Every structure is written in C-alpha cells, then in structure tokens.
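J.: Next up is a structure, given as structure tokens.
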Amino acid sequence: MFMIDPYVLSEYIENHTTPADAVLQELYRETNLHVMNPRMASGQVQGRFLQFICQMLKPKNVLEIGTFTGYSAICMARGMDEDGKITTIEANEEYEDIIRKYFAKANVEGKIDLVLGDAKSVIPALSGPFDLVFIDADKISYPIYYDLVVDKVSNGGFILADNVIWEGKVLNSNIKERDTQAIIRFNQMVTDDTRVENVLLPVRDGLMMIRKI
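Take 238 as the starting number for the sequence shown in the numbering used here and just add one per residue.
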C-alpha cells in the first residue's frame, strides 16, 4: 500500500490553496510568536474554507464559539454580505487586544460582535436564530455547546465543529483522556440526532458539517 506522509500532504494542500492576505499572515505570525497553543488558529486552508462556506450560504446571523485570536472570524466576515453579523464568544480576556487589533486591520469590526465570557453562560441569553454556528472551543464542552445551540439554528441552517478527528484519537475509544471522550460522544450524538443530517470532512483535524432539517 502506498503510504502518504501527512506533513507532505498538508504542504501540498497549502501550496494549492489561495494564500492568506497580508493581514491574516501577520495575525498568524503574531499568534505563533506571542500566544500559547498557536496551532489553535484556523490557518490558511481552513480559513479559506470558512470564507467559501459563508460566500455560498450567505448567512445573515453567525455564532462562533471560540474566537481565539480572531483568524476564523475574519475569514467568515469576509465571506458574508455587508448586512451579515457574527457574534463570537471568547473565554480568555487576554486575547481581546489582539482580536480587536486585527478585526480593525481587516476592516471587519463592523460585522463582528466580540463577547468575552463563558459560552455556556452567554449562549442561553442569545436569541438567534443563527444561520451558521462554528464551534471551536474547549473540546470537553462540545456536547454541551451542541445542546445549547441546536435549537437556536434556523431550519436549513448549519453547524460546523472543528477538531472532530482529534489527531485520530477518536478511533480508539479506550483512550480515557476527557477531551477525546467528549469528541467521541459529540460525534455520536450528532450522528444519532434525527433533527439533523451531517458529514464528517477530513479538513485539517476534522470538520463536522451539520445541517438542521
């Protein structure tokens, strides 16, 4: 069997994807230089995918759970029409300066409402409905986030959840790590939920696309 080096494949994919512009490259570099766990940033390929999704769906109301340093929110905002709005929730207040700095540099701050706080407390107070929800926060809480947002998604609307392959750990149910168990539980609860239909895409670390029926 022909074996593919995942790093070589990743490089090939990046080389055949439209590059990020100067603002996103600067944000990505600053995130890697000054922020813990910089790999949590969406990056070139996933960022372009999120932009395309918004260009196709043309959502008016988007909810993002987990802003990190703002890369994914910028990409989605760029794919939305001028009357589109993103509510993005970030638990770590230390990221606020870099988030707002690059929202302004990307000229998308008018489209994005940054909410600092615990998403589990923030989401119940949001009215919705949301045409698109992007979940990319603490993995242990994925099942909770899903339960909180699914009824706030419009019929025909979508939920995207990142890191659902979790470096392949989801293939081993014997792993007791809480993050892994939560992702396994999340993937199964989505698959079993008759209110939605879903497809798991091998984009980066796995992206679950869920459509509310």
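Note that beta-carbon positions come from the ideal geometry of N, C-alpha and C, so glycine has one too. For clarity, every value in this text was computed on a predicted model and none was experimentally measured.
Counting beta carbon pairs with one atom in the region 370-383 and one in the region 298-312, are three or more of them shorter than 8 Å?
T.: Because the criterion of three Cβ pairs below 8 Å is met, the region 298-312 and the region 370-383 touch.
J.: Please classify G307 as buried or exposed, where buried requires at least 16 other C-beta atoms within 10 Å of its C-beta.
T.: With 16 or more Cβ atoms within 10 Å of its Cβ, G307 is classed as buried.
J.: If you check the beta carbons only, do I360 and I396 fall under 7 Å apart?
T.: No, the pair does not count as a contact, with Cβ atoms beyond the cut-off.
J.: Round the Cβ separation of Q474 and P256 to the nearest angstrom and send it over; I've been treating them as touching at under 8 Å.
T.: As shown, the chain starts at 238 and ends at 450. That puts residue 474 outside it, with no answer to give.
J.: Go ahead and pull the three-state DSSP assignment for N269.
T.: Here N269 sits in helix by DSSP.
J.: For Y339, tell me which candidate among S410, L261, D350 has the shortest Cα-Cα distance.
T.: Ranking S410, L261, D350 by Cα distance to Y339 puts L261 first.
J.: Can you name, in chain order, every residue of its own chain whose Cβ lies under 8 Å from the Cβ of E333, other than the five neighbours on each side?
T.: So the list reads E327, L351, L353, once near-sequence residues are dropped.
J.: I377 and D442 - do their beta-carbons sit closer together than 7 Å?
T.: In this structure, I377 does not lie closer than 7 Å to D442 by Cβ.
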